[in-house]
Amino acid sequence: MILILSSASLSGCFSSEEILEERYGVPGGLVLACLDSSQYKKLVVEVDYEENQKPTQETLDLMIERLESACEKESVSYELYLTDFNHDGSWSDEEIRFKGRETRQKNAMDGDELRFHLMFPSGYHSNENVLGVAVDATTVMVFNDRIKESENLIRRPSWQDIETSVTIHELGHLLGLVNLVYTSDVDHEDPDHPGHSSNEESVMYWAIESSDISNIIFGTLPNDFDIDDKNDLQKLKDRILKADNQLWYPDNYHQ
Ligand SMILES: [Zn+2]
């Protein structure tokens with residue numbers, strides 16, 4: 001009791017930065033910061049990859065294209081960093097959160113920059129079926145070792161195509177898809193897989209991030225949001241749909 005009281009009285013001595021700890025939020029927690037350009041003019045995606053895990057140029061290019069069409073930004077760009085994640089064994093979501101904070105170059109909200117953080121380490125998620133995961137408002141991990149193993153014998157889809165779709169899928173979760181921080185006025189969330197699209201032609205279809213993917217979808221994988229996903233984003237931007245759990249709200253946004 002004494003300890004609690006004394007630390008409470010001490011808190012007045014700390015600077016405001018120390019008291020106002022950075023909040024990390026939930027996936028979708030910065031969708032308004034992405035859709036609105038009043039504060040954040042630029043979107044930068046930090047891509048940290050371990051040796052032999054670098055995402056393909058196709059993945060990087062399509063990531064920029066998808067974010068450019070979803071978010072209202074003067075520029076969308078990426079920064080690549082060869083990174084030693086210094087991690088043994090499988091990754092739990094909690095370890096991913098901490099490693100993300102340890103390895104990123106800057107805070108998620110940095111001046112006029114909004115920063116997403118993608119990690120491509122070696123190794124596997126603690127749930128071995130998982131190909132990629134979004135763990136907070138800006139942090140994504142993609143498991144290329146597992147993606148390479150999830151190719152089927154005829155390589156249709158190829159691991160490169162799976163990597164691209166998984167990456168776009170996880171970015172979709174950072175944009176709040178589907179129904180993560182809002183409730184769509186269109187019924188397109190898969191009741192059996194919450195947070196995912198019921199349309200297998202949307203990149204937000206649940207199987208995209210599952211290692212069963214090449215047994216479920218043959219040939220061409222979706223790597224774009226479908227019309228319902230896009231309409232959700234447009235309605236969030238137009239404030240027809242309300243966004244909850246946001247780390248940042250535009251001025252005059254009635255929560
Ligand atoms: Zn997902």
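For the sequence shown, the working numbering gives the first residue as 1, with consecutive numbering after it.
From the three backbone atoms N, C-alpha and C, an ideal C-beta is built for every residue, glycine too.
- Ranked by how close their Cα comes to the Cα of I147, the residues T56, K41, H254 have T56 in first place.
- DSSP places V166 in the uninterrupted alpha helix (DSSP H) bounded by 159-174.
- For the pair of segments examined, the segment 193-213 was found not to touch the segment 43-50: the number of CB pairs separated by less than 8 Å stays below three.
- Remark: the C-beta of G195 is in contact range of ligand 1, defined as less than 7 Å to any heavy atom.
- Sorting D84, C71, D212, S75 by C-alpha distance to the C-alpha of I162 places D212 at the top.
- Taking 7 Å as the cut-off, one finds no heavy atom of ligand 1 near enough to the beta carbon of W248.
- Residue pairing for D110: DSSP places it in a beta bridge opposite E113.
- S210 sits in a strand when the DSSP states are folded into three classes.
- Measuring C-alpha to C-alpha distances from A134 to each of R23, G28, E21, H254 identifies G28 as the nearest.
- Look at K42 here: in three-state DSSP terms it is strand.
- Non-local beta-carbon contacts of T59 in its own chain, meaning distances under 7 Å to residues more than five positions away in sequence, involve E163, T164, T167 in chain order.
- A distance below 8 Å separates the beta carbons of H125 and W91.
- In the three-state scheme derived from DSSP, where H, G and I count as helix and E and B as strand, E94 is classed as helix.
- Taking the C-beta atoms as reference points, S198 is found no nearer than 8 Å to D185.
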